[in-house]
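Everything below concerns the one structure shown next.
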């Protein structure tokens with residue numbers, strides 16, 4: 002069931018899995034992605050390992066508040082918010098959940114938000130897991146093909162959006178694992194029906210670009226940290242994961258051959274094992 006929480010003057014939509022008595026685990030999704038991109042199956046696997054899992058929509062995604070009045074940011078113009086604001090939203094959501102602190106997992110832009118949360122609100126983060134992310138946009142620039150996907154014109158209409166999703170994941174997904182086109186279309190259809198807002202994605206991207214590099218600030222992070230990254234990631238190349246792990250004192254880096262910029266189902270048990278090892282230490 003989706004619940005809405007009032008935080009920082011906006012609404013954040015979230016869902017939970019597992020027992021409220023479990024270890025609190027907060028999942029932060031990436032650019033333009035909705036909470037459903039944390040697949041229910043993966044959330045259930047994490048819950049089975051003793052976690053109380055919460056997944057949520059960042060501002061400008063899914064059923065959370067959208068900043069429609071700001072439109073698509075002009076190149077070079079100040080964005081309506083920064084990653085700092087997304088991190089503050091996350092901390093405020095934890096207040097609503099009654100969590101003084103939580104184990105935090107972020108993927109892609111969500112990893113950037115998780116890093117920022119650990120910097121801005123260090124007492125709220127028990128452990129930090131950063132997946133297929135980077136300390137800054139210039140640290141791990143995308144390949145030419147991935148950049149073209151990222152900056153391409155959004156499709157119009159439901160069927161075109163589904164076809165574009167297949168093209169996107171065939172470009173930035175995991176070459177070492179089978180591309181399940183039907184599953185991709187099903188997820189894209191769910192996301193389209195739930196909320197379709199390409200301008201919101203553009204505002205999130207502007208926030209990433211305007212938020213700068215966190216490398217020096219990550220040296221302040223003192224919590225146990227895990228960095229997971231695909232060795233075949235064209236959108237955030239593996240150098241981004243290596244730089245993240247190098248920036249956080251004591252961070253553990255695990256890379257996966259054949260993994261691109263997605264979370265292959267075949268690797269879910271490995272992800273869950275690594276995260277559980279971190280949160281249960």
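Numbering (the working numbering), first residue to last: 2 to 282.
We treat Cβ as the ideally placed atom computed from N, Cα and C, and that holds for glycine.
Query                                                                                                                           : Result
Start-end ranges of the alpha helix (DSSP H) lying completely within the region 48–116, minimum 4 residues                      : 84–98
C-beta atoms of residue 262 and residue 109 nearer than 8 angstroms                                                             : yes
Spatial neighbours of residue 242 in its chain, beta-carbon cut-off 6 angstroms, leaving aside the 5 residues before and after  : 228, 230
DSSP-derived helix/strand/coil call for residue 162                                                                             : helix
Sequence-distant residues of the same chain with beta carbon closer than 8 angstroms to residue 246, five excluded per side     : 226, 228, 252, 253, 254
Beta-ladder partner(s) of residue 230, from DSSP                                                                                : 256
Residues near residue 167 in its chain [Cβ-Cβ closer than 6 angstroms; skip 5 each side]                                        : 182, 185
Cβ-heavy atom distance, residue 49 to the ligand MG, below 7 angstroms                                                          : The ligand MG is absent from the structure shown, which contains no ligands of any kind.
Nonlocal neighbours in the same chain, by C-beta distance under 6 angstroms from residue 55, ignoring five residues either side : 15, 17, 27
Span of the beta strand (DSSP E) around residue 13                                                                              : 11–18
Residue 153 and residue 62 closer than 8 angstroms at C-beta                                                                    : no
Spatial distance of residue 216 from residue 120 (CA atoms)                                                                     : 11 angstroms
Between the CA atoms of residue 40 and residue 1 - distance to the nearest angstrom                                             : Residue coverage of the chain in this structure runs from 2 to 282, which leaves residue 1 outside it and unanswerable.
Top-ranked residue by Cα proximity to residue 105, from 96, 99, 116, 265                                                        : 116
Same chain, Cβ closer than 6 angstroms to residue 207, neighbours up to 5 away in sequence not counted                          : 74, 80
Uninterrupted alpha helix (DSSP H) stretches inside the region 139–218 (no shorter than 4 residues)                             : 145–152, 159–173, 182–195, 199–211
N-terminal and C-terminal residue of the beta strand (DSSP E) that residue 6 is part of                                         : 4–8
Cβ pair count under 8 angstroms reaching 3, the region 266–279 against the region 32–47                                         : yes
Burial state of residue 69, where buried means 16 or more other Cβ atoms lie within 10 Å                                        : exposed
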